[in-house]
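Using this note's numbering, you'd call the opening residue of the sequence shown number 249 and step up by one each time. Glycine residues also receive a C-beta, built at the ideal position from the N, C-alpha and C atoms.
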Amino acid sequence: MASKKPGKATANTLVDFGITGDLAHKMTLRALYRLERRGLLDCRIIGVAAESWTLDRLIEHAREGIAASGEKIDDEVFDRFAKRLTYISGDVKDDKLYEQLAKELGPKARTVFYLQMPPSLFGPIVEKLGQHDLLGGARVAVEKPFGHDLASARELNDRLRAVLAEEQLLRVDHFLGKSPVIELEYLRFANLALAELWDRKSVAAIQITMAENFGVEDRGRFYDPVGALRDVVQNHLLQVLALVAMEPPAGAGADDLRDKKGEVLRAVHPADPKRYVRGQYHGYLDVPGVAADSQTETFAALQLEIDNWRWSGVPIYLRAGKALAERVTEVRLHLKRTPSLAFLPKAGQAEANQIVLRIDPEPGLRMAITAKADQSADWSPLTLDASFARELGEPLEPYERLLHSALIGDAQLYAREDSVEESWRIVQPLIDAPPPVHVYERGSWGPVEAVEKLTRSHVKWHKPWMPDEV
Ligand code: BG6
């Protein structure tokens with residue numbers, strides 16, 4: 249049996265299970281190609297999948313997928329990338345595949361195994377890798393979903409941890425590879441102007457929105473047993489919340505950050521089904537693969553509370569949905585109001601300030617403040633906007649960053665066991681007692697009336713900040 253020693257050294261081999269699949273075609277092959285172009289790829293790549301393809305077919309498929317994503321292919325870079333590829337076809341439950349893999353890897357491989365596979369295969373693959381002594385010093389990255397509730401996530405963790413040390417296991421949440429999500433830690437703690445406002449003394453509410461302007465399309469079979477809560481809230485939005493709400497890490501190590509994320513998630517109360525609204529867009533039932541009487545939510549909005557010194561009493565609102573009016577993901581802090589301004593002719597309270605971090609599209613930061621316009625007897629709203637791409641340059645894409653981190657042995661951008669299990673604990677009451685779904689129209693903002701009842705009057709949901717908006 250392989251040693252459980254984690255491998256910190258830079259890997260010289262990436263074994264990509266599921267290289268012929270959809271995710272590889274749309275995302276990960278392109279990310280690897282882009283790393284090649286940047287000079288950041290320094291390993292060979294062994295693709296593994298069931299299809300009995302030739303290497304040439306795989307290379308052609310990779311080229312076509314990369315081009316279809318809109319990437320302009322540089323032939324020289326692509327040829328360099330293609331030379332790294334080999335392909336093994338076989339059944340992941342069959343020992344022969346691992347014998348072949350062991351031969352291909354040889355004694356000098358420092359390997360990252362990347363599993364872009366259905367989660368039901370994570371356990372069997374990792375166990376086989378262990379039995380064939382391929383895990384010593386290796387790292388294993390697994391795609392989501394990581395479990396479908398708390399019990400199954402624990403079971404999966406136990407199964408994987410029986411053969412792997414936590415340091416060897418990289419749980420992918422691609423939101424953690426998004427540059428504005430990474431930026432949160434720096435923005436919050438490197439800027440006193442933000443740091444000093446970031447607590448219950450100044451913040452009235454936190455809202456996180458993930459809106460998508462497309463429906464479930466061809467993913468009905470995958471999506472219908474899952475729904476919005478499991479698909480994006482339990483993982484992406486709670487990981488973002490952890491970064492928004494955590495205390496400053498004590499050092500630069502992966503666990504310094506992950507300790508703080510785990511700590512703040514531990515302080516989140518289990519969600520209350522009475523503070524949860526579910527929606528389903530009109531037309532969802534006609535999506536191929538969706539049950540005719542499906543009650544799956546394509547929209548979820550909920551309120552959470554963090555019971556700690558920094559956030560006690562500040563409502564946290566999360567909402568996510570498909571087939572909404574826009575595609576936009578943002579974090580919005582509503583600050584408290586100032587006292588009323590007696591020196592204005594119409595004495596009263598000015599609009600509260602807001603701080604908005606836009607994650608997608610076009611990452612940026614907005615401060616909504618107020619000023620007194622010259623001719624006006626009252627206050628006027630004003631915004632201070634910064635675009636990260638314009639000011640800071642074009643960032644790496646999430647999968648480039650994640651794959652690169654896996655190869656160099658940096659686990660910071662991967663979700664640790666405790667935060668995955670804490671997130672399932674938080675949403676579990678909503679899974680156990682889901683309220684009925686409200687049908688909403690495509691292109692709307694979801695079941696708005698029901699959602700408005702979740703929020704307090706002065707922190708009503710705002711239409712998210714869009715890139716073209718001044
Ligand atoms: C995935 C979900 O994890 O994230 C999808 O399964 C969702 O349903 C996607 O569309 C959104 O990711 P991004 O990076 O496009 O915002």
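Residue i versus residue j - alpha carbon distance
i      : j      : result
Arg704 : Tyr565 : 10 Å
Leu262 : Pro428 : 27 Å
Leu605 : Leu418 : 27 Å
Ser692 : Phe547 : 11 Å
Thr334 : Ile307 : 9 Å
Gln416 : Gly384 : 10 Å
Gly255 : Val699 : Residue placement at Gly255 is flagged as unreliable, the pLDDT there being 49, under the threshold of 50; the coordinate-derived value follows with that caveat. Answer to the nearest angstrom: the Cα atoms are 47 Å apart.
Leu513 : Lys392 : 19 Å
Leu489 : Val696 : 22 Å
Lys252 : Leu363 : Per-residue confidence for Lys252 stands at a pLDDT of 43, beneath the threshold of 50, marking its modelled position as unreliable; no derived number is given.
Ala315 : Ile321 : 7 Å
Ile456 : Ala600 : 18 Å
Ala441 : Asp323 : 47 Å
Met249 : Arg478 : The pLDDT assigned to Met249 is 39, lower than 50, so where the model puts this residue is not dependable, and the model offers no usable value.
Val492 : Arg580 : 10 Å
Leu702 : His309 : 47 Å
Val562 : Glu403 : 33 Å
Tyr688 : Lys344 : 51 Å
Phe370 : Leu277 : 20 Å
Met714 : Asp264 : 37 Å
Asp503 : Ala590 : 50 Å
Leu640 : Ala539 : 46 Å
Pro518 : Leu644 : 35 Å
Ala257 : Leu303 : 28 Å
Lys376 : Ala453 : 48 Å
Glu449 : Pro712 : The amino acid occupying residue 449 in the given sequence is Lys; Glu does not appear at that position. Approximately 24 Å, taken between the alpha carbons.
Beta carbon of residue i nearer than 8 Å to that of residue j
i      : j      : result
Gly527 : Val685 : yes
Pro587 : Gly425 : no
His273 : Gly318 : no
Leu505 : Gln660 : yes
Ile554 : Ala498 : no
Ile679 : Asp397 : yes
Arg285 : Val325 : yes
Leu651 : Ala279 : yes
Glu669 : Ala401 : yes
Val374 : Leu408 : yes
Val535 : Gly475 : no
Asn483 : Asp421 : yes
Ala571 : Arg467 : no
Thr631 : Ile607 : no
Ala459 : Arg575 : yes
Extent of the continuous beta strand (DSSP E) to which residue i belongs
i      : result
His686 : Val685 to Tyr688
Ala452 : Val451 to Ala459
His582 : Val576 to Leu583
Asp447 : Where Asp447 is concerned, there is no enclosing beta strand (DSSP E), given that its DSSP letter is neither H nor E.
Lys620 : Gly612 to Lys620
Tyr335 : Leu333 to Ser337
Leu651 : Per DSSP, Leu651 belongs to no beta strand (DSSP E); it is in the alpha helix (DSSP H), Pro646 to Ile656.
Segment limits, alpha helix (DSSP H) that includes residue i
i      : result
Ile679 : Glu665 to Asp680
His530 : Careful: His530 lies outside any alpha helix (DSSP H) and carries neither H nor E.
Arg292 : First-last for Arg292: Arg292 to Ala297, but that is the beta strand (DSSP E), not the alpha helix (DSSP H).
Ala502 : Ala502 to Arg514
Phe265 : First-last for Phe265: Thr261 to Phe265, but that is the beta strand (DSSP E), not the alpha helix (DSSP H).
Leu353 : Asp343 to Leu353
Ser560 : From DSSP, Ser560 is part of no alpha helix (DSSP H); its letter is neither H nor E.
His309 : Leu303 to Ala316
Val374 : Phe370 to Gln379
Asn405 : Leu398 to Arg409
Asp282 : In the sequence under discussion, the amino acid at residue 282 is Arg, which differs from the Asp named in the question. From DSSP, the alpha helix (DSSP H) with Arg282 extends over Leu277 to Arg286.
Val699 : Val696 to Glu700
Arg469 : Gly468 to Tyr471
Bridge partners - residue i, DSSP secondary structure assignment
i      : result
Met494 : The partner list for Met494 (beta bridge, DSSP) is empty, contrary to what the question assumes.
His422 : In DSSP, His422 forms no bridge with anything.
Tyr565 : Gln455 and Gln551
Tyr434 : DSSP lists no partner for Tyr434.
Ser635 : Gly612
Ser628 : Ala619
Gly463 : For Gly463, which the question treats as bridged, DSSP gives no partner whatsoever.
Val388 : Phe361 and Leu417
Tyr524 : Leu550
Arg704 : Paired residues: none, contrary to the question.
Gly596 : Leu589
Arg606 : Glu578 and Gly612
Ser692 : Leu572
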